[in-house]
Amino acid sequence: MISMSFDLAIALSLIIPVVGTILIGMSGDRPNQRETVTLLTAISLFAVTLWLLPQVAAGARPEVSFFEVLPGMPLKFVIEPLGMLFATIASGLWIVNSIYAIGYMRNTGEVNHTRFFMCFPISIGAALGMAYAGNLFTLFIFYEVLTLSTYPLVAHRETEEAKKGARIYLGVLLTTSIGLLLPAIIATYMLTGTTDFTAGGILADHVSPTTATILLALFMFGIGKAALMPFHKWLPSAMVAPTPVSSVLHAVAVVKAGVFSVLKIGIYIFGIDYLADADLTFWLQAVSAFTLVTASIIALTKDNLKARLAYSTISQLAYVVFGLSLATAAGFMGGSLQIAMHAVGKITLFYFAGAIYVAHHKTEVSQLNGLGRKMPLSFIAYTIGALSIIGLPPFGGAWPKFVLMEGAVDAGQPLLIAVLIISSLLNIAYLLPITVRGFFLKPDGEDTPAPFSWDGVKEAPFMVLAPLCFTAFLCFVMFFAVDAVEGLIAPILN
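For this note's numbering, count along the sequence shown from 1 and bump the result up by 1.
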């Protein structure tokens, strides 16, 4: 009976997004019906995820397989703790992002609402397919579905700039996945006879350290969604999309699917012990550290707010790869925590970018002088999200940096702690000036800052402002929820 319930839950996790997409399409030009279906789909998917969460945390490993493409290569789903963490984040934040998207689309004059909302369930369904993938073949199928389903979202505005950005987005992600990731999967199958995700990894007894290093490079760069340099340009190019899309790309699904895949392949295909014993990751430490610092420096140069946040994301994603490169339990835990904590912090920052655009049509950092007096709640929420990204307690983003520092010590690489400290200082340099501009500088064209008055407040509409404030609050909550996240992930490391 329990097995049947698990089978049904896994099936529903894949079927609900498809049904939601169809019903949204059938809603046509009836916005209230379309938005109701969107919210009900998101809530239903999250409810199924929450049903699975405590059981996986208690040790259950639901599994279901479908047809075999090749011997030992079925379409297979297995729910394990890391995938459960990613699924919970993606499905939970999708509810918040749906509310935000409704408010944003209603107040910005965007067109093609039905197509816009149809793409979201497909992308979230693909993200959950990746989360629950039981082997590399299944992961790859849903990885590509996620790329293709988000392409129309990036191109949504259909301007020349949007089309160009979408072409770069699609081109980089498909080129890396087909040219690097797929050969790595095929090679793994040929060398081991399987692509199953297996505790402890599957490569140690089948390949030499040299071959394993080559495979690791193919996997790390083939997962273009992780945005390791030099395969990162798709991410800033995709910022031509509406802000709710940016939130999906940066916090809910796409880039989180990338770094989730990095960790899952690292622990279930290579194995932490093999990565450490065979000394496979020295080069990955250098690449991730370079990406981490360089992207932050580039972020300092960007006046466009979404471009600055995009390069911030590239840097923050590198923390996860950096954690894997340490090849220690603490490094893996730090990378896992970063997936959760960064999602909440970064979605807050993008919601802020959308809020100032909706309320005042501002897109550049240099345009924000004095705007905090008109949008105090938005700027306070932004500051909370920024402090979490920087890594200051009592906000969730403090934990990944602390645990990654532990991982660097465990790996015998204490000098790598300096990279994390430099990155945090750079985070301060490109994030907190926005708060300073908003609250302490005079608006352009004014001799002195006007005194604050509630009569002068002009925040974004409620359905834009409320999700922003909620995710800022989650940054605080996640600081105290770290034990639950660590408790979920710990069995993998044991």
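Where a beta carbon is used, it is the ideal one built from N, C-alpha and C, also for glycine.
Looking at the unbroken alpha helix (DSSP H) that takes in Phe480, where does it start and where does it end?
Unbroken alpha helix (DSSP H) run through Phe480: 463-481.
Quick one: residues in its chain with C-beta nearer than 7 angstroms to the C-beta of Leu421, no 5 flanking neighbours on either side, listed in chain order?
Lys402, Leu405, Met406, listed in sequence order.
Could you give the DSSP three-state label for Val260: helix, strand or coil?
DSSP places Val260 in helix when its eight states are reduced to three.
Could you pull the DSSP bridge partners for Asp197 from this structure?
In the DSSP output, where bridge partners are listed per residue, Asp197 has Asn136.
Rounded to whole angstroms, what's the CA-CA distance from Thr329 to Ala409? Just pull it up for me.
Taking the straight line joining both Cα atoms gives about 8 angstroms.
Output the distance between the C-alpha atoms of Lys265 and Ala61, rounded to the nearest integer angstrom.
Their Cα atoms are separated by approximately 18 angstroms.
Using the Cα positions of Leu171 and Thr282, report the straight-line distance between them to the nearest angstrom.
So the alpha carbons of these two residues sit roughly 29 angstroms apart.
Exposed or buried, which one is Ser28 when buried takes at least 16 other CB atoms within 10 Å?
Ser28 should be labelled buried.
If you draw a straight line from the alpha carbon of Cys476 to that of Gly166, how long is it in whole angstroms?
Rounded to whole angstroms, Cys476 to Gly166 spans 31 angstroms at the Cα level.
Less than 7 angstroms between C-beta atoms, sequence neighbours within five positions excluded: which residues of the same chain meet that for Leu466?
Closer than 7 angstroms at the Cβ level, and outside the excluded window around Leu466, lie Ala356, Leu378, Ser379, Glu460.
Identify the residues that DSSP records as bridge partners of Ser289: which are they?
Ser289 is not bridged to any residue.
Could you give the DSSP three-state label for Asn495: helix, strand or coil?
Three-state DSSP puts Asn495 in coil, outside helix and strand.
For the segment 154-163 and the segment 211-220, state whether three or more C-beta atom pairs, one from each stretch, are separated by less than 8 angstroms.
Flag = no, the segment 154-163 and the segment 211-220 do not touch.
Is Tyr269 near Ala200, with beta carbons less than 8 angstroms apart?
Yes, these two residues count as a Cβ contact at 8 angstroms.
Would you call the CB atoms of Met74 and Thr151 closer than 8 angstroms?
For Met74 and Thr151, no; Cβs fall outside 8 angstroms.
Could you compute how far the alpha carbon of Phe440 sits from the alpha carbon of Leu426?
Looking at the two C-alpha atoms, the distance is approximately 21 angstroms.
Following the continuous beta strand (DSSP E) through Pro75, name the residue where it begins and the one where it ends.
Pro75 -> beta strand (DSSP E) spans 74-79.
So Pro395 and Phe261 are supposed to be a Cβ contact under 8 angstroms. How far apart are they, rounded?
That pair is no contact at about 26 angstroms.
For Thr177 versus Phe118, is the C-beta spacing smaller than 8 angstroms?
No. Outside cutoff.
Helix or strand or just coil, what does DSSP make of Glu407?
Helix.
When you compare only the Cα positions, how much space is there between Gly267 and Ala473?
Spanning the two alpha carbons is a distance of roughly 31 angstroms.
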